[in-house]
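Under my numbering, think of the first position of the sequence shown as 787, with each following residue one higher. Note that beta-carbon positions come from the ideal geometry of N, C-alpha and C, so glycine has one too. The structure displayed is predicted, hence computed values, not measured ones.
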Amino acid sequence: MTTERTSSAEEEVAYKARTTLGIYQALRYARPTPWIRAFYGLLPLFAPLLTLAGEEGRAWSRGVMRALGMRFAGHYPTKF
Numbered sequence: 787m788t789t790e791r792t793s794s795a796e797e798e799v800a801y802k803a804r805t806t807l808g809i810y811q812a813l814r815y816a817r818p819t820p821w822i823r824a825f826y827g828l829l830p831l832f833a834p835l836l837t838l839a840g841e842e843g844r845a846w847s848r849g850v851m852r853a854l855g856m857r858f859a860g861h862y863p864t865k866f
């Protein structure tokens, strides 16, 4: 798959991991509505279902799961 921001599936996984991790980091400092917190709280549970969407879905799923692992490990490469 080729998009404007990535040229391979591995780059797409890295992109999704960075953006998802950035969103989780922002949620730590902001107080969004309960619906938004619930959506991102449940996202890891539904991420495996994205694999049904083909190669792009697998890249999204792997990126979300990678971000979740980095979040639990305390690794925040997007942190200033």
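For the pair the stretch 806-813 and the stretch 846-858, tell me if three or more CB-CB distances fall below 8 Å. yes
In this structure, does DSSP put Ser847 in helix, strand or coil? If you number the sequence shown from 1, residue 847 lands on position 61. In this structure, Ser847 counts as helix in the three-state DSSP scheme.
Length of the line joining the Cα atoms of Ala813 and Ala839: By one-based count along the sequence shown, residue 813 stands at place 27. By one-based count along the sequence shown, residue 839 stands at place 53. Residue identity differs from the one stated: residue 813 is Leu in this sequence, not Ala. Cα-Cα distance, rounded: 27 Å.
Cβ neighbour criterion (16 or more within 10 Å) applied to Glu798: Residue mapping note: residue 798 aligns to position 12 of the sequence shown, counting from 1. Under this definition Glu798 is a buried residue.
Less than 8 Å between the C-beta atoms of Ala853 and Ala816, yes or no? Mapped onto the sequence shown, residue 853 falls at position 67. Mapped onto the sequence shown, residue 816 falls at position 30. It is not a contact, given that the beta carbons lie outside the stated cut-off.
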